[in-house]
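**Q** Position one of the sequence shown corresponds to residue 12 (our numbering), numbered consecutively onward. A virtual CB, placed ideally from N, CA and C, is assigned to each residue, including glycine. Have a look at this one.
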Amino acid sequence: VTIQSLSFTAVDGSAPNLDGGAFIFGSGTQVNITSCSFLRFQANRGGALFMDEGGSLDVFQSNFNFNQAYNGAAIYSKSPLRVLMRSTFYSNKATNFGGAMMAEGSVEISGCNFQGQEALRGGTLYTLGSFVNSTSNFYGYSISTYGSGIHMPKDSNYSSFVNDEFSGNRGNVLNTAGEVFISNCKFGGGGEQTIDATYGYGVITLTGK
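This is the structure in structure tokens:
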């Protein structure tokens, strides 16, 4: 399934008690979304997009603004989120987990901007799988009790951050039970930012500046 160069805006809040406010993709589906925007959707899981297991989801140069869900305010994926590239997430809100996204599989992010997300756990991302991230910005007061940037509750989690910027967030930027590799990242710009590896047996490796 390919969806390209389209804008989607919810009418009357879409479906707050169902999954996937804009789209729900069934088991085994291969999905590519390019240059699209999703505005003001609501759902139980995946305010804009819900991806079932056994498939894959690639997202390029797309925008997710003012979406809401119980888990995964913009995206909820039970399959690998293979590529999330040059996309923007603004002011999305999850009541429970994943202010921008919740993922049960692996996640790879590159060149994205996250601003003003909110969730109980994982202000930007709550993931049960491995997480690889490169050159993205997490800024503008993402709010969460556990992990205003990323929350990874499984001790088998592995995450890598290279050339990222965390700015103006509140609380623990990273909250992990697994292993984290951080290289040439910037933390600053206001807000009280910490890294917490005490949840379980987290191990953090820092390199670079």
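How many whole angstroms separate the CB atoms of Leu131 and Ala114, which I take to be in contact at a CB cut-off of 8 Å?
**A** With 8 Å as the limit, Leu131 and Ala114 do not qualify as a contact, their Cβ atoms being about 16 Å apart.
**Q** Would you list the residues sitting across from Arg56 in a DSSP beta bridge?
**A** Answer is Asp30, Asn82.
**Q** State the CB to CB distance for the pair Ser141 and Asn168, rounded to an integer number of angstroms; the pair is presumed to be in contact (CB under 8 Å).
**A** Contact flag correct, Cβ pair sits at about 6 Å.
**Q** Name the DSSP beta bridge partners of Lys197, please?
**A** Bridge partners of Lys197: Glu176.
**Q** Taking just the CA atoms, how far does Ala80 sit from Leu185?
**A** Answer to the nearest angstrom: the Cα atoms are 22 Å apart.
**Q** So what does DSSP say about Ser98, is it helix, strand or coil?
**A** Three-state result, Ser98: coil.
**Q** Tell me whether Ala111 sits in a helix, a strand or coil according to DSSP, three-state version.
**A** Three-state result, Ala111: coil.
**Q** What did DSSP end up calling Glu119 once you bin it into helix, strand or coil?
**A** DSSP places Glu119 in strand when its eight states are reduced to three.
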